[in-house]
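Here the protein sequences come in this chain order: L and D.
So for the first sequence, our numbering puts the first residue at 1; every next one is plus one.
So for the second sequence, our numbering puts the first residue at 1001; every next one is plus one.
To start, the structure itself, in structure tokens.
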Amino acid sequence: MMSEIVRFAWSALTGHRLRTSLCVLGVAVGIAAVVMLTALGEGARQYVITQFTSIGSNLLSILPGKTETTGAIPHMGGVANDLTLQDFLALQREIRAAQLIVPISMGTETVSRGERSRQVAVIGSTPDFLKARQLRIQLGDTLPSGDVERGSAVVVLGKTIAQELFPGQQPVGQVVRVGEWRMRVIGVLGEIGTQLAVQMDEVVLVPVATGLRMFNRSSLFRILMKVRSSRDLDATCVVAIRILTERHDEEDVTCITQQAVVSTFSSILQTFTLVLVAIAGISLSVAGIGVMNVMLVTVSERTQEIGLLRALGATRGHILRVFLVESVLLAGLGGLVGLATGLGVMQLLVWMYPAIPAQAPWWAVGAAFLMSVVMGGLFGVLPARRAAKLDPMAALQRR
Amino acid sequence: MIELQHISKLYEIGGQPIYALRDTSETFHSGEYVAIVGPSGSGKSTLLNIIGCLLRPSSGAYVLEGQDISQLDDQALSHVRQHNIGFIFQSFHLVPRLTALGNVALPMVFAGVPSAEREARALAALDSVGLADRAQHRPSQLSVGQRQRTVIARAIIMHPKVLLADEPTGNLDTGSGQQVMELLELLNRQGLTLLVVTHDPNVARRAKRVLMLADGRIEKRLARSEFPESAMPYPQGSTREDDASR
């Protein structure tokens, strides 16, 4: 019998093409908005996750200073003890699970050659830094290995820096000034692009001890570790903190796993997506009111028909179902059209601007359609109840 | 058999009680053919709608085929209408977007008759009123006479015991009116109880007996032979139904 009621409701909808199409359009706009905004939000989340994984996986960072919140970067330069190169060496000696342990010092300085100069980020580290961050040397050598405490005056240039300071020339073997320091260029990085909002083509790499001395610091910026498997991340953090706590006589370092950072960002962006969906939901509720309005008009137009159906033996329940089915069909149809439009526009947008990360997750597609159907039911209740409550004889005789 | 015992129908209009029907008792035997006449506002339609279970009496008992109807709830009343009553309306009440076949099959949809059986039965009913070749036409593509015959096919599709016709010829020309009445009388001869509300003396005169209503009461019960030759035995007003119930 349900299929009959659906067919009956369908015949009523197709009887009023314009009204039905306009109402479907209203719902479609709402659903399309939900799909497109979800796709953008989710696309942004995927983009950030991809960014984090592109810097290498199974990474953890040890930072000077203590924080109670994982995932957030602790305040800089508190009362904490320094994170020193000796700490780094101790970790290197004692942590077997680590594939790579990389000390990092960091600051900004002016790099110049003759007339040309620019402000750049200077990263002091070891050759392992390039391995952990999956960077490639295009020309010349990587940073010198060996004694980390020996800071030689050598520098590896980012690709863009090399091109700007040595246009059309061979930079390896030449000398540049980094701040007050005269340094010999030993290599040039391959093209990398932006990683975690840092333009890696515009940095220069120096030995870690050189970096510390250059910026007159005793504390490392952080120690980066790469472990063999993501399961080792948390355990390694615990061991590293224990070793450093013993050396410092207090727990004054923070260990952040890459997973924790990724999941923090991921959940922030998920919230962002939900906010977008909620905004789209407003347009959807407007469409719902449109559905209700159309159904109320339909009920009052078809009062005689309702009286007739009652005379022919339809119960109040039957009438309720007839009109509920009609509004669910109306909204569901709008949902389908909206999905098709939303996904289509997304495809077009990505095709036209490939840089826009947009990806509608399957759950959003399903939820959007479900939402339209539920909305049809919800906003259909009032008109359908009104129809079912009509007195059969009065309805029949309405002119 | 239809038994009405002391049926009254009371409306309140602007705080004033208005009786559409007062203390009416009547028995209709199975297979009877009765015309109900009376001036506008006399309670004819109210009586017909109470018999058709579309309206509940304010007081009194209504016993249909041994079952007391006056106490039934909405769902049970719907069921009684579905299986016992066939309605024929002055203004047809066909669903304009459905074909003749679809309209005739409509009562079976709510009775849960399987779709294959529905189509066969609806087609047979249309055939019995001579409209088998019009099954796929919409009401707007049918003449008024054909429309009323479609309504008759719809009225008998659930094999009811009673046919209630409210001004069945009111919107028809003489020729098709005649055809419709003959069709109804044929069904009556096959055993259906036929109650016809009418303003037309020529229609009323065809019935075996005539109930004359005035002011919410049955004023006269006339046999066919007692019915006057030409005009209605009451002053003619508007020919439109205009009961207090409206």
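Using N, Cα and C, we set each Cβ at its ideal position, and we do this for glycine too.
Since this is a predicted model, take the numbers as computed values, not measurements.
- Separation of V27/L and L13/L (C-alpha to C-alpha, rounded to the nearest whole angstrom) is 15 Å.
- Under the DSSP assignment, H1006/D falls in the beta strand (DSSP E) whose first and last residues are I1002 to I1013.
- Remark: fewer than three beta-carbon pairs, one from each stretch, lie closer than 8 Å, so the segment 55 to 62 of chain L and the segment 1002 to 1012 of chain D are not flagged as touching.
- Secondary structure note for T271/L: its alpha helix (DSSP H) is the uninterrupted segment Q258 to E301.
- Beta-bridge partners assigned by DSSP to L60/L: M225/L and T257/L.
- Residue-level contact check: V1109/D touches chain L, since one or more beta carbons of chain L fall below 9 Å from its beta carbon.
- Relative to the Cα of I241/L, the nearest Cα in the group S267/L, M106/L and K66/L belongs to K66/L.
- Under the 9 Å criterion on CB atoms, G1112/D is classed as interfacial with respect to chain L.
- Neighbours of D1173/D in chain L, taken as residues whose beta carbon is under 8 Å from its own, are absent, since the nearest beta carbon is some 23 Å off.
- Closest option to G290/L, judged by alpha-carbon separation, among G146/L, G335/L and V24/L: V24/L.
- Bounds of the alpha helix (DSSP H) holding T1046/D are K1044 to I1051.
- Your pair L189/L and L165/L does not check out as a contact, with CB atoms roughly 14 Å apart and the cut at 8 Å.
- Listed along the chain, the chain D residues whose CB falls inside 9 Å of the CB of Q46/L amount to none; the nearest CB is some 48 Å away.
- Nothing from the segment 1196 to 1223 of chain D brings a Cβ to less than 9 Å from some Cβ of chain L.
- Beta-carbon to beta-carbon, D128/L and L100/L are separated by about 5 Å, close enough to satisfy the 8 Å threshold.
- For T1027/D, the closest of L1213/D, Y1062/D, M1212/D and V1037/D by C-alpha to C-alpha distance is Y1062/D.
- The Cβ-Cβ distance between L233/L and T257/L falls below 9 Å.
- At least 9 Å separates the CB of P383/L from every CB of chain D.
- For the pair D1215/D and S1045/D, the Cα-to-Cα distance works out to about 12 Å.
- Cβ neighbours of V373/L within its own chain (closer than 8 Å, five residues either side excluded): V328, A331, G332 and G335.
- Taken in chain order, the unbroken stretches of alpha helix (DSSP H) that lie wholly in the segment 1165 to 1230 of chain D and span 4 residues or more are 1174 to 1189 and 1201 to 1204.
- Here DSSP, grouped into helix, strand and coil, assigns P1096/D to coil.
- Bridge pairing for Y1062/D: L1004/D [DSSP].
- E115/L is bridged by DSSP to nothing; it lacks a bridge partner.
- In the DSSP annotation of this structure, the continuous segment of the alpha helix (DSSP H) that includes S54/L starts and ends at R17 to S54.
- Distance check between A1207/D and each of L1054/D, Y1033/D and S1025/D places Y1033/D closest, using alpha-carbon atoms only.
- For the segment 1082 to 1129 of chain D, the continuous beta strand (DSSP E) assignments of 3+ residues that do not extend past its boundaries occur at 1085 to 1088, in sequence order.
- Short of 8 Å from the beta carbon of I356/L, and not among the five residues preceding or following it, lie these beta carbons of its own chain, in chain order: L40, G43, L349 and V350.
- For the segment 309 to 326 of chain L, the beta-carbon criterion of a distance under 9 Å to any beta-carbon of chain D is satisfied by L309, R310, A311, L312, G313, A314, T315, R316, G317 and H318.
- The segment 1012 to 1026 of chain D makes no contact with the segment 373 to 391 of chain L, as fewer than three CB pairs between them are under 8 Å.
- Annotation: R213/L is outside any beta strand (DSSP E); the continuous alpha helix (DSSP H) that includes it extends over V208 to M214.
- Chain L has no Cβ within less than 9 Å of the Cβ of N1188/D.
- Only F1087, H1093 and V1095 from the segment 1083 to 1096 of chain D bring a Cβ to less than 7 Å from some Cβ of chain L.
- A residue is called buried once 16 or more other Cβ atoms fall within 10 Å of its Cβ, and D1133/D, having fewer, is exposed.
- Per DSSP, the continuous alpha helix (DSSP H) segment holding L233/L begins and ends at D232 to H248.
- Around A98/L, the same chain offers M225 and V227 as residues with beta carbons nearer than 6 Å, after the five sequence neighbours per side are excluded.
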